[in-house]
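Peer 1: In our numbering, the protein residues as written are 127 to 357.
Below: one structure in structure tokens.
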């Protein structure tokens, strides 16, 4: 008999617990940077040429498109300021060790508590060759701690060693730093409550299909949550 699982993407869980309230320009900038560094890392594996110019053009195209989709108008001077900031951050990324990493496959975190089985799709930004994960933020998480970052990292840390990678600015120049996030499976109590509510955007999938289609991490609650080899 097939076992069905309630499954949702991590961003739905994060949004339900800590909705973002950043200005549209900041949200658009973050998405543009994310797209640019992901493409930069991928294409830099196939060439020795500098791709900074192409990464900048990619980022600004995404930024303009995101602002258009959000129906947000910005002045030409503001757009130029965003372009200068983007260039400095991409230059810092170019010098960092993270350019060697690629985006991992989507994983699935499967959890069983009593008779209930649920799951979250999870895909951090990058993974290295020893199974460590990296989630990139376009702002200084030490100076600007945000709850949605904490909640998202709490989920992603259940995949394996997780580092939050962030940009720190001083005198107009940027450096790329990292912060280790220890895994704490106790967050799964709240995730289970979320999935039991069958939130909009969730779906039901056969457990066998999830295990066959995605790299997985399994957690089972007896007295406490523990990593398991099977459900």
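Glycine included, C-beta positions come from ideal geometry on N, C-alpha and C.
Do you know how far the Cα of residue 202 is from the Cα of residue 255?
Peer 2: Approximately 42 Å between the Cα atoms of the pair.
Peer 1: Using 8 Å as the threshold, is the C-beta distance between residue 224 and residue 133 below it?
Peer 2: Cβ distance not < 8 Å, so residue 224 and residue 133 don't count as in contact.
Peer 1: Would you call the region 234 to 243 and the region 339 to 350 touching, i.e. three or more CB-CB distances under 8 Å?
Peer 2: Yes, the region 234 to 243 is in contact with the region 339 to 350.
Peer 1: Can you tell me which of 218, 141 and 250 puts its alpha carbon nearest to the alpha carbon of residue 327?
Peer 2: If we check each option's Cα against that of residue 327, 141 comes out closest.
Peer 1: Find out if the Cβ-Cβ distance for the pair residue 266, residue 294 is shorter than 8 Å.
Peer 2: A contact, by the Cβ cut-off of 8 Å.
Peer 1: Tell me the rounded alpha-carbon separation between residue 227 and residue 175.
Peer 2: One C-alpha to the other measures close to 17 Å.
Peer 1: Nearest-angstrom Cα distance between residue 182 and residue 357?
Peer 2: Approximately 45 Å, taken between the alpha carbons.
Peer 1: Quick check: the Cα distance between residue 169 and residue 192, rounded to an integer number of angstroms?
Peer 2: Rounded to whole angstroms, residue 169 to residue 192 spans 23 Å at the Cα level.
Peer 1: Below 6 Å CB to CB, which residues in the same chain sit around residue 213 once its five sequence neighbours on both sides are set aside?
Peer 2: Contacts found: 182.
Peer 1: For residue 236, which three-state DSSP category applies?
Peer 2: The answer is strand: DSSP assigns residue 236 an E or B state.
Peer 1: Are the CB atoms of residue 218 and residue 301 within a distance shorter than 8 Å?
Peer 2: Yes; because the gap between Cβ atoms is below 8 Å, this pair is in contact.
Peer 1: May I ask you to report which of helix, strand or coil DSSP gives residue 282?
Peer 2: DSSP places residue 282 in helix when its eight states are reduced to three.
Peer 1: If you compare alpha carbons, which of 261, 243, 199 and 167 is closest to residue 156?
Peer 2: Residue 261 is the option with its Cα nearest to residue 156.
Peer 1: From residue 245 to residue 321, what does the alpha carbon distance come to, in whole angstroms?
Peer 2: Those two C-alpha atoms are separated by around 8 Å.
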